[in-house]
Structures are given as structure tokens and as C-alpha cells.
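Residue numbers (the working numbering): -17 to 345. Where a beta carbon is used, it is the ideal one built from N, C-alpha and C, also for glycine. Just so you know, these numbers come straight off a predicted model, no measurement behind them.
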Ligand code: FUB
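This is the structure in C-alpha cells:
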């Protein structure tokens, strides 16, 4: 437990963590830490330090901020390129009512043992609200070791959530991001290559032998599917999302500082759709804009430069009139699979472009 600098109060089933000395004042800038003779400067501090958290999907429900992160756990699973070391067992929901204010950890919201079809590895989740119900969407490998996307429900945003008996029909791969358009229609964006298995899915068919693309081939694209009114089903077969350059050309696999890898997110700003993602092995968060939730999206640039650690994963939301980027790094542990969630402000230029953020540098 890493709560030395915190005042801890236990209430009914929840842990309330009050920040002291900036530990949970997550908009502190220019905090330094000594590492291997260098001084690493971090733009923000971890939102909580008593558990490891990653892949933050932030939402505003009833004027309160809720964060749905992965709950990183040290299980000792050996590290490999398929991400076996990301061997998470449950989710905790965090909430706060002001950026930099006290954070509540609501405890275990869903455990893998309570998902009837799950095998292993609870990866990056997301959440949505409709039908007087809160929905938690999560990727987990099924008993055949194939990633599928599941859904669980609760009457409250913090859970606990009850999982459906089966994964969402037609779902696959990882990193669901559920977006509510202004007309009330919900869409799920998803997919991730390498350990996320998206390379095995062509035309929505699974082929365990299908591999990654060669450098000159078109890069693998993320997927979208419209959700039904029940929020537990797709109303259509998943479609690919085209991300193109200014000349309308798709990226190739060799463009790996820009091409899609994982960590989809969608938000709207001034009527435009902003699709953002991680480039994985080059560690950028990039974004592209379009006029429809289905795209095509035109590449705009990097929004977050590489952070400490291998993965980069985020969400972008507006809260009380200001825009924020939630992201993670490995400041607390120095280990790729034991991450900590952070937040910082996000600014747009007058033309709608996002001012790129650098969250860490060495002095
Ligand atoms: O947390 C496990 C995986 O790492 C996520 O699903 C990816 O987006 C990456 O952050």
C-alpha cells in the first residue's frame, strides 16, 4: 500500500483519500523525482497512490467526475509482447468532485470471478449511462483465450456491477470506448493490435493464424459498432474506421508513429468528431477529426507525447467548462504493468487543433 502521505478515512465500503502535500493534487506541475541520476519532471502527479491504475476512462455523471480505470496488479506473470503481464483481476471506480480534490476509491466494482465467460486479463474498460442504468464495458479473454467485450450493469455509477452471462455478440479485441452522440445514439469504438488480437480479425471473422501486417501494407484499422437501445448489443456488424492523411491516403504499417495500435477515444468539440488513439510501439497519443462518428477521420497530429512506461492510454472530457486529458504513466513503480492515472488540462487552438502535451521530460 502506498498511502503514506495521505489521510485515510474508511466509510461504508469506500475509501476516501484526502490529498496531502500534493500527493493527490493531480494538477500539480513541475514536480521532480530523482531517477538514475536524472531528474524526471512530471507534468502531473498520480490521482491515487494506494493502488495501481491505468487506462482512465473519465465521465461526468450527476456533476461528479467518475474514472473507470484498469486496476493493475502484480501477479508475477512473465512479461512478453502479447502483454501477458497485464493480468488484471478486477476494476475499481474512482470519483472526485473537483480536479485536484479528494478522490474516492469505491472498492471492487467487478471481479473476474463474477464474469461467467471470462478466462483472464481484464483490460481497459469504459462506462456509459442510459435507461436509468450505468453500463461498464470491459475486454477480457474468454475461456478459449480470445479477447471479447463484455458488459455489466449497476444502478449507481460506482457499482458494484453485475456482468451479463455472455460477451456482447459480434464483439472482439480490446479497449471499448462508448460514445453518446448528441442525438442519443451510442457507438462503441474498439480494437488493439499485438496482444489485443485485432490482427486476427478480418471482415469480422476470427483467424488465429492471421498475423501483423508488413511495413508496406495498409495499417490495421480500429472498429466501430452502433449499440442497441438495450446498450448490451450491436445493431450492426462492426465496421472499420478510416484514418487518412491530408491527401486522403490510409497509413501503412511502417507509419507506426501515427497508425492505430489501441486505446480508442471519441469526443466532440465545436461540432467536429475527434477520434484519438495510441500508436503503441511508438508511444504517441494521436488524433484525427471528421464530420461523422463513423469517419473518415483526417489525421491532425500528436496530442500527448510518450509518457514514462510502454503504454499510453487516455480519455478526453469537458468538466464544468474546461477540457481535461486523463492519462497514465509509471511514475510510482517504474514498471510497465504497474501504472498510475493522472490528469492535466487540454487546450484547443482557435482552428480547433489540440495543443500537444508533453507530460514528462528529463532535466
Ligand atoms: O491495460 C492493458 C492494456 O494496456 C490496455 O488495454 C491497452 O490500451 C494498454 O494500455
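For residue i, the three-state DSSP class (helix, strand or coil)
{"i": "residue 123", "result": "strand"}
{"i": "residue 302", "result": "coil"}
{"i": "residue 254", "result": "strand"}
{"i": "residue 176", "result": "helix"}
{"i": "residue 83", "result": "coil"}
{"i": "residue 329", "result": "coil"}
{"i": "residue 228", "result": "coil"}
{"i": "residue 344", "result": "strand"}
{"i": "residue 5", "result": "Residue confidence for residue 5 is low, a pLDDT of 30 falling below 50, so the modelled location carries little weight; the figure read from the coordinates is stated next. Looking at residue 5 - three-state DSSP - the assignment turns out to be coil, as it is neither helix nor strand."}
{"i": "residue 10", "result": "Confidence in residue 10 is poor, its pLDDT being 47 and thus under 50, which makes the residue's placement unreliable; the coordinate value appears in the next sentence. Looking at residue 10 - three-state DSSP - the assignment turns out to be coil, as it is neither helix nor strand."}
{"i": "residue 163", "result": "coil"}
{"i": "residue 102", "result": "strand"}
Beta-carbon separation (whole angstroms), residue i vs residue j, contact threshold 8 Å
{"i": "residue 64", "j": "residue 176", "result": "7 Å"}
{"i": "residue 242", "j": "residue 259", "result": "5 Å"}
{"i": "residue 30", "j": "residue 108", "result": "About 19 Å separates the two Cβ atoms, so there is no contact after all."}
{"i": "residue 336", "j": "residue 330", "result": "6 Å"}
{"i": "residue 134", "j": "residue 92", "result": "5 Å"}
{"i": "residue 38", "j": "residue 308", "result": "4 Å"}
{"i": "residue 121", "j": "residue 157", "result": "6 Å"}
{"i": "residue 206", "j": "residue 256", "result": "Actually they do not touch by this definition, with Cβ atoms about 14 Å apart."}
{"i": "residue 146", "j": "residue 214", "result": "6 Å"}
Contact under 8 Å by Cβ, residue i with residue j
{"i": "residue 124", "j": "residue 152", "result": "no"}
{"i": "residue 299", "j": "residue 41", "result": "yes"}
{"i": "residue 35", "j": "residue 323", "result": "yes"}
{"i": "residue 55", "j": "residue 70", "result": "yes"}
{"i": "residue 291", "j": "residue 311", "result": "yes"}
{"i": "residue 314", "j": "residue 28", "result": "yes"}
{"i": "residue 262", "j": "residue 244", "result": "yes"}
{"i": "residue 204", "j": "residue 171", "result": "yes"}
{"i": "residue 46", "j": "residue 87", "result": "no"}
{"i": "residue 173", "j": "residue 246", "result": "yes"}
Same chain, Cβ closer than 6 Å to residue i, neighbours up to 5 away in sequence not counted
{"i": "residue 94", "result": "71, 100, 104"}
{"i": "residue 341", "result": "25, 289"}
{"i": "residue 217", "result": "208, 210"}
Cβ-heavy atom distance, residue i to the ligand FUB, below 7 Å
{"i": "residue 295", "result": "yes"}
{"i": "residue 40", "result": "no"}
{"i": "residue 260", "result": "yes"}
{"i": "residue 52", "result": "yes"}
{"i": "residue 68", "result": "yes"}
{"i": "residue 244", "result": "yes"}
{"i": "residue 37", "result": "yes"}
{"i": "residue 305", "result": "no"}
Own chain residues within Cβ distance below 7 Å of residue i, not counting five before or after
{"i": "residue 252", "result": "334"}
{"i": "residue 148", "result": "99"}
{"i": "residue 143", "result": "91, 92, 118, 134, 135, 136"}
{"i": "residue 222", "result": "203, 205"}
Own chain partners of residue i with C-beta closer than 8 Å, once the 5 adjacent residues on each side are dropped
{"i": "residue 181", "result": "175, 192, 193, 194, 195, 202"}
{"i": "residue 318", "result": "61, 67, 291, 292, 293, 312"}
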